[in-house]
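Following the numbering used here, the numbering of the first sequence begins with 10 at its first residue and continues without gaps. Worksheet: the structure to be examined is printed underneath.
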Amino acid sequence: MSSLFMSKALPKRSENYSEWYNEIVKRADLAENSAVRGCMVIKPYGFAIWEKMQRALDDMFKATGHQNAYFPLFVPKSFLEKEEEHAEGFAKECAVVTHYRLKADPNGGLMVDPNAKLEEELIIRPTSEAVIWNTYRNWIQSWRDLPLLINQWCNIVRWEMRTRLFLRTAEFLWQEGHTAHATEAEAIEETERMLGVYATFAEDWIALPVLKGLKSPNERFAGALETYCIEALMQDGKALQSGTSHFLGQNFAKAFDVKFVNKENEQEYAWATSWGVSTRLMGALIMAHSDDKGLVLPPKLAPIQVVIVPIHRSPEDLAAITAVVDPLVAELRAAGISVKFDDNDSQRSGWKFAEYELKGVPVRLAIGMRDLEAGTVEVARRDNLTKETRPLAGLTDHISSLLDEIQAAIYQKALAFREENTHRVDTWEDFKAQIEKGGFILAHWDGTAETEEKIKDETKATIRCIPLDAPEEHGKCIFTGNPSNKRVVFARAY
RNA sequence: CGGGGCGUAGCGCAGUCUGGUAGCGCGCACGGUUCGGGACCGUGAGGUCGGAGGUUCGAAUCCUCUCGCCCCGACCA
């Protein structure tokens, strides 16, 4: 353990990015490691951000015609087995429930009751396709039952070898949409629509520019015919897969015998999609914008958008400040802005400034006796750390537009970063050199899994996606020299 | 699963090599002085040193076993 942990300052991004990340998560009170290996405790401040994400996403799902439902945590092993590729993909990271009862251990404590062995093991869901499609068999009979557009918010478990707060935990929270359609075209349309929803959410709410693309077959979801994804670039030059939307074809309908009668009175298998984003988005949010002073939150996701810090010596001073602040708070709230007036007397103003910077509150107002006399307030921006003194009059309108301005500025900054760190590369030498520096690399690829694998072995770089908007461009594969008709995006990834 | 590190007060650590009354900083409680960028002084509370066994007059320290966590790889959202 280094002495960094004792200091008030965070580790610097430039010196130790992953230590910076871990510390920011803990010190900003977002989450902490739990007593259970690989599982995190999401703390109230972190959960408040997640709730804002959920709210915005849920609204977007509803607006695109989806309904929420809830399916069981447990998946019978026989269900998971039914779709072969799916089973194979998830088998090695499943938690398995084998017994349903404990009993007193003669040596003290409790023991698993050997008489309580389950007839069939239950898998704690790593994803819910199996359970849901088993259910859909009963829900779908006719073309009139389609499309079936369902989402669920839940927790899932994937027994990962190595975990990191938010980015990869053994248990995590997510939403999973599972839809059934009458035609292939409709299902593909849905897959792309939801990818679009994710991209819009990432850009408009997280202020995170993302690339939309297709996964290479190697990186495809187990059981999918096509996996679409959004990929974002983090400040250390690594890519983060931030959301996926899968076109599942008829694989699950066939595995679970989900058939419907079409308008011609013929039996057909339903077409499926699934799509999800998880608490990993919290990791994306943190890594995309934050700095060496702490978290930088986009106003739309900040639990507290404006914090007001009084600067005073005596209780009388505080009372005078409060008399001015109270109506201001009311006015800001009436304008739909979330405000905290921190009149806690046990910490001094300087401490509070640092604390709210660590927590990423977008706007800080400071009001002292000087301001009271002048009818002013100090307005500080978290994103660029600038301060200015402004008149109290008309402040609410100013803050309102300032929050929009900050939201846009954070996005622009992240976009500029991505553009500066996206490179077109045409030779293998350049590729190897550039991958060490990080960022997205646009390069030609011959389309084979073997080449992709070799590139990964040599450089740790993977194909993040084949961009949907990639222009037709003839070139030679960076590795084999074989012909290619478009550039794909390579990067090292989380 | 390989490699490394670490379990001592709520948190971060020293003490372990070389066995001898369990310490420091932060935090916490109380009192006082402070207060426009992480204040200071004083007093005080807080520990089965991860667990089990062993060696010893005596173990945080030495030996054996064991449990757990973190970091770096391989694997993955």
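Just so you know, even glycine gets a beta-carbon here, dropped at the ideal spot from N, CA and C.
Ordered along the chain, which non-local residues of its own chain (more than five positions away) have a Cβ less than 6 Å from that of residue i?
i    : result
F14  : With a pLDDT of 36 at F14, under the threshold of 50, the modelled position of this residue cannot be trusted; read the value that follows with caution. Same-chain partners within the cutoff: there are none.
A139 : V84, F88, L89
L477 : K221, G222
R373 : V316, Y365, A389
E41  : K35, V50
E228 : none
S23  : none
E235 : F256
D245 : Y26
So, is residue i buried or exposed, given that buried needs 16 or more other C-beta atoms within 10 angstroms?
i    : result
L174 : buried
D466 : exposed
T288 : buried
E97  : exposed
E199 : buried
Q184 : buried
G356 : In the sequence under discussion, the amino acid at residue 356 is Gln, which differs from the Gly named in the question. Classification of Q356: exposed, given that the 10 Å Cβ count is below 16.
L119 : exposed
P307 : buried
K71  : exposed
W360 : exposed
E481 : exposed
E92  : buried
A233 : buried
For residue i versus residue j, is the C-beta spacing smaller than 8 Å?
i    : j    : result
G303 : A57  : no
V316 : D351 : yes
I487 : L223 : no
V338 : L66  : no
H321 : G377 : yes
F265 : N143 : yes
R496 : H453 : yes
N491 : D455 : yes
I507 : L310 : Here the chain comprises residues numbered 10 to 503, so residue 507 is not present and cannot be evaluated.
A262 : V318 : no
A189 : Y145 : yes
W162 : N77  : yes
L182 : N160 : no
A196 : E94  : no
P312 : K61  : yes
A417 : I444 : no
V166 : E130 : no
Q301 : K17  : According to the sequence shown, residue 301 is Asp rather than Gln. For D301 and K17, no; Cβs fall outside 8 Å.
When you compare each of the options to residue i by their alpha carbons, which one comes out closest?
i    : options                : result
V370 : D380, L394, V386       : L394
L257 : T288, N271, E102, W280 : W280
Y237 : E382, Q259, A78, R202  : R202
K86  : E461, I132, A425       : I132
E169 : E102, H407, A248       : E102
L249 : R64, A297, T457        : A297
L327 : E461, D380, P308       : D380
Y79  : I141, W152, K268, L306 : I141
K272 : W152, I464, D301       : W152
Y420 : F362, I313, M243       : M243
V121 : T107, L412, E128       : T107
I472 : I346, G484, A194, T457 : T457
V270 : A233, Q150, T253       : Q150
A502 : I450, I313, A329       : I450
E462 : F499, E481, N494, V434 : F499
K52  : P135, T253, K91, M291  : M291
L176 : N31, D392, P135, A194  : N31
G205 : Q63, A343, R64, M69    : M69
Please list, in chain order, all residues of the same chain as residue i whose beta carbon is under 7 Å from its beta carbon, the five residues on each side excluded.
i    : result
I33  : L19, I295, S299, G303, L304
C48  : T178, A179, E180
V219 : A208, A211, E212, I239, E240, A241, S251
S283 : E138, E185, G186, H187, H255, L257
R399 : T385, V386, V388, H407
G74  : L158
T172 : G47, T178, A179
Skipping 5 residues on each side, what residues in its chain have a beta carbon closer than 8 Å to that of residue i?
i    : result
P424 : The sequence given here has Leu at residue 424, not Pro. For L424, where only same-chain residues beyond five positions count, the Cβ hits under 8 Å are P218.
S43  : M49, V50
K396 : E387, V388, A389, R390
K441 : E467, T468
I9   : For the chain, the structure presents residues 10 to 503; residue 9 sits outside this window and is missing.
H483 : P492, S493, N494
**OP:** Say whether the region 45–56 touches the region 318–337, bearing in mind that this needs 3 or more beta-carbon pairs closer than 8 Å, one atom from each stretch.
**Re:** The region 318–337 and the region 45–56 do not touch, with fewer than three beta-carbon pairs separated by less than 8 Å.
Original post:
Taking three-plus beta-carbon pairs below 8 Å as touching, is the region 107–120 in contact with the region 152–164?
Top reply: Remark: fewer than three beta-carbon pairs, one from each stretch, lie closer than 8 Å, so the region 107–120 and the region 152–164 are not flagged as touching.
**OP:** Evaluate contact between the region 362–369 and the region 378–388, counting only Cβ atoms and requiring at least three cross-stretch pairs below 8 Å.
**Re:** No contact exists between the region 362–369 and the region 378–388.
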